[in-house]
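J.: Before I ask anything, let me first share the structure, which is written out below as structure tokens.
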Amino acid sequence: MKPDGHPITPAGFAALRARYDHLLGTERPAIVEIVSWAAGNGDRSENGDYLYGRKRMREIDRELAFLARRMKAARVVDPRAQEDRTRVLFGACVEIADEDDNRKVLTLVGDDEQDASRGLIGWSAPIAKALRGARVGDLRVVRLPSGEKEWEIMSVSYPDA
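Here you go:
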């Protein structure tokens, strides 16, 4: 199965939803309360609480709109349900090795949940695109800013169902 659009794992979608709910249910109401209180204190042009509060409210509203668009466009794909576990597809945990046997373990996740420091690589990243569809033993060339690098697929795994 090849995910189209914006694939995301169930955990990634839950994190987006949790962030949205926190902003909407906790942060925004607190800022609205501060702005209302500050507005009642008179001259708004020199009221730091009011000015900061309005600025923060705009930031929260922008982030809420962004999160709403991402959640609407997201397609939740559960890696545990992957039928072909021999190939690198969405949600795969892949061990790769270069020609010097330097190894990396990467997990292909949605772009909204990528975190290279934890080995979580976004689905549209160059290395993820190069690895898609590969099987153990396949060689894949990745084009990086520093040049091309060849990686061998050492193992492919998925979370248990």
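Per my numbering, the sequence shown starts with residue 1, numbered consecutively. Ideal Cβ placement from N, Cα and C applies to all residues, glycine included.
1. With a threshold of 8 angstroms on Cβ separation, who are the neighbours of LEU23 within its own chain once the five nearest residues in sequence on each side are excluded?
2. Out of curiosity, what's the CA-to-CA distance linking ALA125 and SER117?
3. For the putative contact between ILE171 and GLY137, defined by C-beta atoms under 8 angstroms, what is the C-beta separation to the nearest angstrom?
4. Alpha carbon to alpha carbon, how far is GLU148 from VAL171? Give it in angstroms, no decimals.
5. Based on Cα-Cα distance, which residue from ARG85, LEU131 and GLU150 lies nearest to ASP160?
6. Here's the rule I'm using: 16 or more other beta-carbon atoms within 10 Å means buried, otherwise exposed. How should MET16 be labelled?
7. Taking buried to mean at least 16 other C-beta atoms within 10 Å of its own C-beta, is PRO79 buried or exposed?
8. Please name the residue or residues paired with ARG87 in a DSSP beta bridge.
9. Just to confirm, is the Cβ distance from ILE34 to GLY48 under 7 angstroms?
10. With a threshold of 16 other CB atoms inside 10 Å of the CB of ALA81, please say whether the residue is buried or exposed.
11. Out of LYS129, ASP21 and VAL32, point me to the one whose CA is closest to VAL88's CA.
12. Where does TRP37 land, buried or exposed, given buried means 16+ other C-beta within 10 angstroms?
13. Secondary structure at ASP112, three-state DSSP: helix, strand or coil?
T.: So, to answer that:
1. Within the sequence shown, the letter at position 23 stands for residue 23. Around LEU23: ILE60, GLU63, LEU64 and LEU67.
2. Within the sequence shown, residue 125 is the residue found at index 125, counting from 1. Within the sequence shown, residue 117 is the residue found at index 117, counting from 1. So the two alpha carbons sit approximately 14 angstroms from each other.
3. The shown model of the chain, from 1 to 161, leaves out residue 171, and the question about it has no answer.
4. The displayed coordinates of the chain run from 1 to 161. Any statement about residue 171 would go beyond what the structure contains.
5. On the sequence shown, position 160 is the one that residue 160 refers to. The candidate whose alpha carbon is nearest that of ASP160 is ARG85.
6. Position 16 of the sequence shown holds residue 16. Per the sequence shown, the amino acid found at residue 16 is Leu instead of Met. With 16 or more other Cβ atoms within 10 Å, it is buried.
7. Your numbering for residue 79 matches position 79 in the sequence shown. PRO79 comes out buried.
8. Start at 1 with the first residue of the sequence shown, and residue 87 comes out as number 87. Its beta-bridge partners are ARG135.
9. As a working note, residue 34 is residue 34 in the sequence shown. As a working note, residue 48 is residue 48 in the sequence shown. No; because the gap between Cβ atoms is not below 7 angstroms, this pair is not in contact.
10. The residue labelled residue 81 in the question sits at position 81 within the sequence shown. Counting Cβ neighbours within 10 Å, ALA81 comes out exposed, since fewer than 16 surround it.
11. For the purposes of this step, residue 88 is taken as the residue at position 88 of the sequence shown. Minimum Cα distance to VAL88 is reached at LYS129.
12. Along the sequence shown, one-based indexing puts residue 37 at 37. Exposed, by the Cβ-count rule.
13. On the sequence shown, position 112 is the one that residue 112 refers to. Three-state result, ASP112: helix.
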